[in-house]
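Numbering-wise, the working numbering comes out as the position in the sequence shown, counting from 1, plus 24. The C-beta atom is built at its ideal place from N, Cα and C for all residues, glycine as well. Only a predicted model underlies this, so the values are computations on that prediction, with no experimental measurement involved. Here the structure is laid out as structure tokens; the discussion comes afterwards.
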Amino acid sequence: MKRPVAPLRRSGAAIAGRSRARWAVLAGTAVAAGLELLPGVPVPLLVLAGCWLLLGAPWLLWYGYADTFVATRDGRALVAVALAIGCDLVTELLLNTALPPLGDDRPLRQAPLAIAAALAVLLLAWALPVTAAAEPGRPRPRRRRSRAAATGRRTPGLRPVLLLGAGCLLLSVGGAIRLNNGLGPTMAVLALVAMAVLFVQLLRGRRRYPESVLCLGLFLLAAALLLLTSLRGWFITGHDIQREYEVFQLAFDADRWQIAAFRDPYNACLSITLLPTAFARLTGISGLYVFKAVFPLLFALSAPLVYRSVRNLAQRMVALLSALYFVAFPTFFTDMTFLARQEIAFLLLGAALVVLTDPGRPIRRRRVLFTALMGGVVLSHYSTTFVVVMVLAIALVTDHGWRLLARLWARRQGRPRPAVTGFVTWWIVVATAVAAVLWTGPLTGTGGQLRSTVNATVQDAVDPAQAQSGSSDTSYSLLGGQAVTPQQRLAQYQADTLQLTARSRANGDYLSAQEVAQYPVQAVDEPDLPLTALGRALQHTGLDVSGANKLVRQWAADLLQLLLLIGLAVCLWARKGRGRRAFRPARDQVTLSIAMVAVIGLLTVLPQLSVDYGVLRAFQQGLFFFAPFIAAGSIWVFRWARRWTLPLAGALAVAFFLDLTGAIPQVIGGYPPQLNLNNAGQYYDIYYVQPQERTAITWLEQLTTDDQKQDVQSEVQTDRYTFSRLQTLIRGRALDDIYPTLIGTNSYVFLGTTTVTKDEATTFYRGDLVTYRYPMDLLNSTKNEIYSSDGAEVFR
Numbered sequence: 025m026k027r028p029v030a031p032l033r034r035s036g037a038a039i040a041g042r043s044r045a046r047w048a049v050l051a052g053t054a055v056a057a058g059l060e061l062l063p064g065v066p067v068p069l070l071v072l073a074g075c076w077l078l079l080g081a082p083w084l085l086w087y088g089y090a091d092t093f094v095a096t097r098d099g100r101a102l103v104a105v106a107l108a109i110g111c112d113l114v115t116e117l118l119l120n121t122a123l124p125p126l127g128d129d130r131p132l133r134q135a136p137l138a139i140a141a142a143l144a145v146l147l148l149a150w151a152l153p154v155t156a157a158a159e160p161g162r163p164r165p166r167r168r169r170s171r172a173a174a175t176g177r178r179t180p181g182l183r184p185v186l187l188l189g190a191g192c193l194l195l196s197v198g199g200a201i202r203l204n205n206g207l208g209p210t211m212a213v214l215a216l217v218a219m220a221v222l223f224v225q226l227l228r229g230r231r232r233y234p235e236s237v238l239c240l241g242l243f244l245l246a247a248a249l250l251l252l253t254s255l256r257g258w259f260i261t262g263h264d265i266q267r268e269y270e271v272f273q274l275a276f277d278a279d280r281w282q283i284a285a286f287r288d289p290y291n292a293c294l295s296i297t298l299l300p301t302a303f304a305r306l307t308g309i310s311g312l313y314v315f316k317a318v319f320p321l322l323f324a325l326s327a328p329l330v331y332r333s334v335r336n337l338a339q340r341m342v343a344l345l346s347a348l349y350f351v352a353f354p355t356f357f358t359d360m361t362f363l364a365r366q367e368i369a370f371l372l373l374g375a376a377l378v379v380l381t382d383p384g385r386p387i388r389r390r391r392v393l394f395t396a397l398m399g400g401v402v403l404s405h406y407s408t409t410f411v412v413v414m415v416l417a418i419a420l421v422t423d424h425g426w427r428l429l430a431r432l433w434a435r436r437q438g439r440p441r442p443a444v445t446g447f448v449t450w451w452i453v454v455a456t457a458v459a460a461v462l463w464t465g466p467l468t469g470t471g472g473q474l475r476s477t478v479n480a481t482v483q484d485a486v487d488p489a490q491a492q493s494g495s496s497d498t499s500y501s502l503l504g505g506q507a508v509t510p511q512q513r514l515a516q517y518q519a520d521t522l523q524l525t526a527r528s529r530a531n532g533d534y535l536s537a538q539e540v541a542q543y544p545v546q547a548v549d550e551p552d553l554p555l556t557a558l559g560r561a562l563q564h565t566g567l568d569v570s571g572a573n574k575l576v577r578q579w580a581a582d583l584l585q586l587l588l589l590i591g592l593a594v595c596l597w598a599r600k601g602r603g604r605r606a607f608r609p610a611r612d613q614v615t616l617s618i619a620m621v622a623v624i625g626l627l628t629v630l631p632q633l634s635v636d637y638g639v640l641r642a643f644q645q646g647l648f649f650f651a652p653f654i655a656a657g658s659i660w661v662f663r664w665a666r667r668w669t670l671p672l673a674g675a676l677a678v679a680f681f682l683d684l685t686g687a688i689p690q691v692i693g694g695y696p697p698q699l700n701l702n703n704a705g706q707y708y709d710i711y712y713v714q715p716q717e718r719t720a721i722t723w724l725e726q727l728t729t730d731d732q733k734q735d736v737q738s739e740v741q742t743d744r745y746t747f748s749r750l751q752t753l754i755r756g757r758a759l760d761d762i763y764p765t766l767i768g769t770n771s772y773v774f775l776g777t778t779t780v781t782k783d784e785a786t787t788f789y790r791g792d793l794v795t796y797r798y799p800m801d802l803l804n805s806t807k808n809e810i811y812s813s814d815g816a817e818v819f820r
């Protein structure tokens, strides 16, 4: 049955007021564009002008119109940000496409970008009708404003939330800077504790605080958590972000985005090419901090987006718990800051789900906006798009199956079954899938990775006996993914590389297999933090602290999945009107969650899928859909506590947060170091850029350039992660692996800081990071050392 939607009433005075506000927006846009076109404008003014053109003015215009699609004020505010970003992507793409045929080969300069952004604002002001913020039903009677209201009565909870949120941000930024300067993690740990205190404050005030204050608190919490990781290092730090920054530099340096310059899926993501170029040009913020600060701040809006999408259909407690489970999941703060393209895609996806779950506006309008936001996801990130298409398709099939079973059951019972209109329809799935295929296919020609993944997946499904094992992340799944030891991974990798290089090795291009066999490679376990005084006290009681830490992490993964299954079962039971319920989900929430669980199941059982798109990243994406069921499950398991049910559910969520973010393991020790809290650990070793490496690679680049002039072979080899850290400085021929079986006979071998100081290197194989003891004696016996420092060495 369709839920009735009340008519929207608007007053003439309100419309007139909004018309005057629109003229003010246009005037501000003219001033901002003028500042962009003037030479010598101070950077602070450029920051304001650029943010106004790219975010402020479009946001105000979209916010005024978003009441057509979204019924709540905070929902409109959040969706308007996503629409502003989507408009930026489209504007920059049109500019980049239109100017070169007209004779301007550098369309992404400051002046064209400023003019295009101003014209986009003008077009929005002309195209979007002037509306008042509509309220459903009858207009509210006018109330005489009290003196307190006239002078600006304080918003409940705003002051404590702002103070705590500002404290979290200051501690996070200060904690990251202290770690970058070689100091201790105390401030970073205090930042995590302050975030937990902020969330407890939101839980305590959830009944009194306005929705806007709760959303603000969640945004500040998420922003502080992300900045604690994203600000690590004085250079670009992380995995995918290194390559993302490289494709950004291609567009930024050329003042033009061209897929032909580097035909790669990364370069097809406009979220890391056109968008950061526009921000860097118009705001004067360096591209480095667009990636390290601006994008994480935009992605921090995903937390209030999760809250709003759940709050549309559930009580505040469920919505708050959903948002905390979303940000407490380790992928959120350890990996998402290194995936700028997915940060923007998730922002758009979160806004789309706010639109999907809002029952206060006509479904046809919401479907149109949902599809438009999916178009933005297509332009932002390919993998997110393909997962969403799979989820939507499975959800559509599930919904039709549900309806068929409901009709058969109703017929058997001899009673009519009311018609239920689902949100997801066939044309939404088709439109999103067609857009994805067109963009990755004929428009950019970057669908090779998808075809490779599909072919490998089909082969694994047809002949599972020949399939290789998938990522070890699948071991966290209740479906029982296979865990492979690091030494087994190394054995597989050595066998594959020997087979791959057999012909070239016979021609003398690689070190002989006999030479390599003299220096066997052993995997290295990731070391734990030393026990603190508290950890030693616990150890003296007979508790194995290190084992307990690892066991708690595994239990946390299992418990999240159990709570999800419990929540789905409880809420489905509640839809029939039986039993107590934390919330009554819409059918679309149920079908989308079931579909996402099915996709995660496919990633677990099909090895190639888990390698190309990790299970943990998929679970993070899935939390957009099924976080409320985890929250509902946590409330249900404490139902026996009666009036203590909600406090216990909140305490469980806070405990999850403090443990998974690393605060508890940091206080007691006995767990591998995390990058957001330490200058040690696997992520620090492979992603943190050291100045000695930059100096050495600059020297080597000059040497190889001279060699090329003399027609001397000048190929450089380094390990995968040193290459990733330094790829923006490498211009000549380079290979990203120094595994012994891949060492070239005449190539330069560049060793980064970790290999020099710890005799360790790390490779990535079948979705797993594998650290191994590097056989330095092999290089000493087969090559000459031509460069040495305390953080880099070069052999030839």
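Per-residue burial, residue i [other beta carbons within 10 Å of its own, 16 or more giving buried]
| i | result |
| --- | --- |
| G532 | exposed |
| Q523 | exposed |
| P554 | exposed |
| L62 | exposed |
| A827 | A query on residue 827 cannot be resolved here, the shown segment of the chain reaching from 25 to 820 and no further. |
| A292 | buried |
| L306 | buried |
| N804 | exposed |
| Q690 | buried |
C-alpha distance - residue i paired with residue j, whole-angstrom precision
| i | j | result |
| --- | --- | --- |
| Y637 | A673 | 32 Å |
| L802 | R529 | 16 Å |
| C111 | L322 | 15 Å |
| D549 | T795 | 7 Å |
| S536 | Q266 | 33 Å |
| Y811 | V818 | 5 Å |
| Y331 | A785 | 42 Å |
| T685 | T297 | 31 Å |
| L59 | G181 | 38 Å |
| I618 | A610 | 13 Å |
| I692 | L793 | 26 Å |
| A816 | N205 | 20 Å |
| L242 | A347 | 8 Å |
| V421 | R427 | 10 Å |
| A758 | T722 | 14 Å |
| L126 | A73 | 27 Å |
| W579 | D683 | 12 Å |
| V780 | D814 | 7 Å |
| E159 | T395 | In this prediction, E159 scores a pLDDT of 39, lower than 50, which makes its location untrustworthy; no coordinate-derived value is stated. |
| R435 | L429 | 10 Å |
| A215 | L589 | 33 Å |
| W450 | Q134 | 42 Å |
7 Å CB neighbourhood of residue i in its chain, flanking five on each side removed
| i | result |
| --- | --- |
| F276 | T301, A304 and G311 |
| G571 | none |
| L188 | A218, V221, L222 and Q225 |
Candidates the options: closest to residue i by CA position
| i | options | result |
| --- | --- | --- |
| A417 | V237, M620 and Y707 | M620 |
| G446 | A515, R527 and D612 | D612 |
| S236 | S813, A460, L344 and L249 | L344 |
| T615 | D359, M414 and E367 | M414 |
| N573 | A215, A557, D552 and A45 | D552 |
| R385 | I710, V94 and V49 | V94 |
| G400 | L70, A460 and Y763 | A460 |
| A90 | R666, A376, Y269 and D264 | A376 |
| L123 | M360, R280 and K316 | R280 |
| S326 | L240, L227 and A593 | L240 |
Residues of its chain near residue i, where Cβ-Cβ distance is below 8 Å and the 5 sequence neighbours each way are ignored
| i | result |
| --- | --- |
| Y87 | R100, A101 and A104 |
Cutoff 6 Å; reference residue i; Cβ partners in own chain excluding five residues on either side
| i | result |
| --- | --- |
| F895 | An answer regarding residue 895 cannot be provided, because it is not within the stretch 25 to 820 covered by the chain. |
| V540 | P764 and T765 |
Integer Cβ distance of residue i from residue j, believed to fall under 8 Å
| i | j | result |
| --- | --- | --- |
| Y708 | P697 | 7 Å |
| F788 | Q741 | No, F788 and Q741 are not in contact; Cβ-Cβ is about 16 Å, not under 8 Å. |
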